[in-house]
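For reference, the structure is listed below as structure tokens.
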Amino acid sequence: MTVTPADLDRPPRPWADVSLLGHFALRLPHGHVYLAPTTQKVLVLLAIHGQGLARSSAAALLWPHLPDRRSAASLRSALWRLSRAGGSCQVVVSDSEHLRLDRNVRVDLHTARDIVRDLTTDRCVVQPPTVPGHLRQDLLPDWSESWLLVAREHFRQTRLHALETCSRRLRASGHMDAAMEFAMAALEADPLRESAHRCVSEIHLAEGNIADALRFYDTYRRQLRDELGLVPTSGYRNLLAPFLRRPLDTARGPGRGA
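Under my numbering, think of the first position of the sequence shown as 126, with each following residue one higher.
Okay, here's the thing in structure tokens:
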């Protein structure tokens, strides 16, 4: 594409930031903007579907119990309110058939997905990173829309896997402090996730802290039994078997055994 002098003189296009992690927010150059709940949902739906959606699909997802004509009218009304709130900032690009976010709209979920991709490569051990804030929060955890559930769980699983993968790679490269930080971030997100507990135990063992590894395992074993009536998997038990001076745990029901 040829850049002309007129292009250089043209002021930059307005931008917008959309936050979906933890809570919803829309920020424009002049500050945060309040949107009605229905208008928020339109923006969130388009942010999740980065490539855009057909108008009919968006309307059907947002208003599944309304007839097609009414859902289409509701969508037009929400888009009109969104354009009014955006002022000179174009937030949504639309035509008679399709909708998508403008390319100058930044979405924290998209940034988080890029971070996840980077953390699952060997680059995470070149310079040990700290846990990115984008990976410490769920996707709109207080929202209950059915069209959001799969996207929320998908992001949750991918970020947990990224945290654990980076923790293991950091441990293998000798960066124990950073490895523990990533493992504990995974545990904060899901306190009963066994693979995250194993990451912590493996770090303790790698550092020679056997007592810490055993205490951590036993705390998890009791928590799992009390809350779910389950025991750790054989893989986790076998990890610590050489250091236990009693028989390995067996599959007991809740309230039976220590």
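Backbone N, C-alpha and C fix where the C-beta goes; we use that ideal spot for every residue, glycine too.
{"Check": "Under 9 Å between C-beta atoms of Cys-291 and Phe-307", "Outcome": "yes"}
{"Check": "Short Cβ contact (9 Å threshold) for Leu-170 with Leu-151", "Outcome": "no"}
{"Check": "Whole-angstrom distance between Asp-302 and Leu-226, CA atom to CA atom", "Outcome": "40 Å"}
{"Check": "Under the three-state DSSP convention, the category Asp-263 falls into", "Outcome": "coil"}
{"Check": "Identity of the residue in His-190, Gly-177, Ser-196 nearest Ala-390 by Cα", "Outcome": "Residue 390 falls outside the range modelled here, since the chain spans only 126 to 383, and no answer is possible."}
{"Check": "Beta strand (DSSP E) segment containing Val-141, residue limits", "Outcome": "The sequence as given places Ala at residue 141; Val does not occur at that position. That run of the beta strand (DSSP E) goes 141 to 144."}
{"Check": "Candidates Ile-328, His-300, Leu-260, His-329: closest to Gly-147 by CA position", "Outcome": "Leu-260"}
{"Check": "Helix, strand or coil at Ala-310 according to DSSP, with G and I counted as helix", "Outcome": "helix"}
{"Check": "Residues that Gly-156 bridges to, as DSSP identifies them", "Outcome": "Leu-153"}
{"Check": "Beta-carbon proximity of Pro-357 to Glu-319, cut-off 9 Å", "Outcome": "yes"}
{"Check": "Distance, Glu-332 Cα to Leu-365 Cα", "Outcome": "14 Å"}
{"Check": "Validate contact between the segment 187 to 194 and the segment 232 to 239 using beta carbons, cut 8 Å, 3 pairs", "Outcome": "no"}
{"Check": "Per-residue DSSP class, three states only, for Leu-224", "Outcome": "strand"}
{"Check": "Cβ neighbour criterion (16 or more within 10 Å) applied to Leu-369", "Outcome": "exposed"}
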